[in-house]
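> Numbering (UniProt numbering), first residue to last: 2 to 482.
Ideal placement from N, C-alpha and C gives every residue a C-beta, glycine not left out.
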Ligand code: BG6
């Protein structure tokens, strides 16, 4: 039998989720509120609202999520049957430090993750852990204003030290801040909130505030890397980026420039994480804009000492940008003559995300050429409305087609282009609450969860048709023919 798409021997085939999107149990065992707990449900057209604390007349989909907190053993049984080698989740910071600035951690929270990681390891599944996946303790917003306050550097470093020490023999693969670059790309409330627990005040220069919060996070991340390596030199500690390549729409040189300017906003973060210094294009822009970005010599040193071992990233889609007058699109903030436009060569999913497997190969190449570090695809997948047929089956061939095309692209990057890829953990291996819209019915899973956008359902788990397909991929360590 032909094995055209075979992968490297220790390739980490996995699945990924985040604590706040699966666990539920938002107020048990001493957990504090997190930034995710004050996000209401939205949908394709209505954005999620950020409320001041928890309001009694609002529905918060993350409060129960899929109740993974109480059902993880049952779910891990399915993961084992699937053959997962790795499972990516996050630690909910507010379970460990309910107020964020506590000096003593909450033992019940620590114990939960001990049990979870033990259960994974017993089933032969390697935990891959993100320290901050949109779950900053809410009290750090209320009392300090979130990451625009440099005190959060210390709180994060203490949190990282606490959990890395506790799980030093259980977790080898870590990442610091999930999709840390979202905030600089968007400046919408949701992204600055979930990345940094920051809300803008009137009169704020949004970019300046976001840059300061981001730099504080990058410093906090570097400190965590250094501490982690002291705790266990075998740790592999990565950053976590959202890579959305932005193509020039036309071969007009100005379109090319606009594309590379837009990529800078993403690369800024991985440039600091990987190279340990602030890139000149950023310093220049801050100066030109008159930003007063604060950092100390000690912190610059910390950046140099805390560079990452690998680059974890999510990949869902690509975008395109143009400067041509006759093409309609959304204006780009810091490149006034440019706008983001649809790509006529690509299809989209129901949420308008452009499906582009070649873009994954392109991304793997560009990032590897830039940094020459191992890459880990820790999120990829297709949100879709699934339907249960009369015979109880969920025939999600569109999901299989999406994943298969991306796995092929990844294989080309490895076998033709020589890129070093550690593993692949598709997003939402089990259905979870969507981050962007708060919907349950934007499903990524190959395991279905019976719950709808209003929160109704039995929470029963059911394998979709894609389950058997992914099981075969993992078993064969790749695709056939
Ligand atoms: C990334 C996040 O933005 O993409 C996840 O790291 C998120 O938390 C995923 O769920 C998919 O986005 P969405 O909005 O479809 O849930």
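Going residue by residue through the region 253-300, where are the continuous alpha helix (DSSP H) segments of at least 4 residues, counting only ones entirely within it?
Correct list: 254-276, 281-290.
> Taking 7 Å as the cut-off, is the CB of residue 127 close to at least one heavy atom of ligand 1?
No, ligand 1 has no heavy atom inside 7 Å of this Cβ.
> At the level of alpha carbons, what is the spacing between residue 146 and residue 478?
If you take the alpha carbons of residue 146 and residue 478, they lie about 47 Å apart.
> Just curious, the alpha helix (DSSP H) that residue 231 is in, first and last residue?
Residue 231 -> alpha helix (DSSP H) spans 207-232.
> Residue 329: which of 343, 296, 83, 371 sits nearest, CA to CA?
Taking only the C-alpha atoms, the option nearest residue 329 is 343.
> Taking buried to mean at least 16 other C-beta atoms within 10 Å of its own C-beta, is residue 313 buried or exposed?
Under this definition residue 313 is a buried residue.
> Alpha carbons only, please: which of 161, 228, 73 is nearest the one belonging to residue 306?
The shortest C-alpha separation from residue 306 is found at 228.
> Does the separation of the CB atoms of residue 107 and residue 173 fall below 8 Å?
No, the Cβ-Cβ distance between residue 107 and residue 173 is not below 8 Å.
> Please state if the CB of residue 224 and the CB of residue 283 are separated by a distance shorter than 8 Å.
Result no, Cβ atoms of residue 283 and residue 224 do not sit closer than 8 Å.
> Is the beta carbon of residue 136 within less than 7 Å of some heavy atom of ligand 3?
Of the ligands this structure carries, namely ligand 1, none is ligand 3.
> Give me the residue from 436, 347, 453 with the minimum Cα distance to residue 442.
With distances taken between Cα atoms, residue 442 lies closest to 453.
> Taking all protein chains shown into account, do 16 or more other C-beta atoms lie within 10 angstroms of the C-beta of residue 83, making it buried, or fewer, making it exposed?
Buried: at least 16 other Cβ atoms inside 10 Å.
> For a minimum of 4 consecutive residues, which ranges assigned as the alpha helix (DSSP H) are wholly contained in the region 157-209?
For the region 157-209, whole alpha helix (DSSP H) runs of length 4 or above, ordered along the chain, are 183-187, 190-197.
> The beta strand (DSSP E) that contains residue 449, what's its start and end?
Per DSSP, residue 449 belongs to the beta strand (DSSP E) from 448-450.
> Ends of the alpha helix (DSSP H) at residue 22?
Unbroken alpha helix (DSSP H) run through residue 22: 20-23.
> Any chance the region 310-326 sits against the region 335-355, with 3 or more Cβ pairs inside 8 Å?
Touching, yes, given that three or more Cβ pairs across the two stretches are closer than 8 Å.
> So which of 394, 423, 395, 383 has the shortest CA-CA distance to residue 406?
Closest option to residue 406, Cα to Cα, is 383.
> Closer than 8 Å is the cut-off here; do at least three beta carbon pairs connect the region 384-395 with the region 464-479?
Yes: the two stretches touch, three or more of their Cβ pairs being nearer than 8 Å.
> Go ahead and label residue 337 buried or exposed: buried means 16 or more other beta carbons lie within 10 angstroms of its beta carbon, across all protein chains shown.
Classification of residue 337: exposed, given that the 10 Å Cβ count is below 16.
> Just to confirm, is the Cβ distance from residue 74 to residue 126 under 8 Å?
Cβ atoms of residue 74 and residue 126: not closer than 8 Å.
> Taking 8 Å as the cut-off, does the region 157-175 touch the region 413-420 (at least 3 CB pairs, one atom from each stretch)?
Contact between the region 413-420 and the region 157-175 is absent, because fewer than three Cβ pairs lie under 8 Å.
> Within 10 Å of its beta-carbon, does residue 193 have 16 or more other beta-carbons around it, so buried, or fewer, so exposed?
Its Cβ being crowded by 16 or more others within 10 Å, residue 193 is buried.
> Sort 379, 374, 371, 128 by Cα distance to residue 80 and report the nearest one.
Considering only alpha carbons, the answer is 128.
> Just to check, is the beta-carbon of residue 315 closer than 7 Å to a non-hydrogen atom of ligand 1?
Indeed, a heavy atom of ligand 1 lies less than 7 Å from the Cβ.
> Do you know offhand how far residue 170's Cα is from residue 231's?
Those two C-alpha atoms are separated by around 13 Å.
> In whole angstroms, what is the alpha-carbon distance linking residue 448 and residue 388?
Using only the alpha carbons, I get a separation of about 13 Å.
> Using CA atoms only, rank isn't needed, just tell me which of 12, 6, 68, 243 is closest to residue 424.
Closest option to residue 424, Cα to Cα, is 12.
> Got a sec: does ligand 1 put a non-hydrogen atom nearer than 7 Å to the Cβ of residue 373?
Residue 373: no, Cβ never under 7 Å from ligand 1.
> When DSSP labels each residue in this structure, what does residue 356 get in the three-state scheme?
Coil.
> With respect to 7 Å, is the separation between the Cβ of residue 437 and the closest non-hydrogen atom of ligand 1 below this value?
Because some heavy atom of ligand 1 lies under 7 Å away, the Cβ of residue 437 counts as near it: yes.
> Could you check the C-alpha separation between residue 214 and residue 289 for me, to the nearest Å?
Those two C-alpha atoms are separated by around 19 Å.
> Say the cut is 7 Å; is the CB of residue 320 nearer than that to a heavy atom of ligand 1?
No, the Cβ of residue 320 stays beyond 7 Å of every heavy atom of ligand 1.
> Roughly how many whole angstroms lie between the Cα atoms of residue 323 and residue 243?
Cα to Cα, the separation comes out at about 21 Å.
> Are the beta-carbon atoms of residue 429 and residue 403 separated by less than 8 Å?
No; because the gap between Cβ atoms is not below 8 Å, this pair is not in contact.
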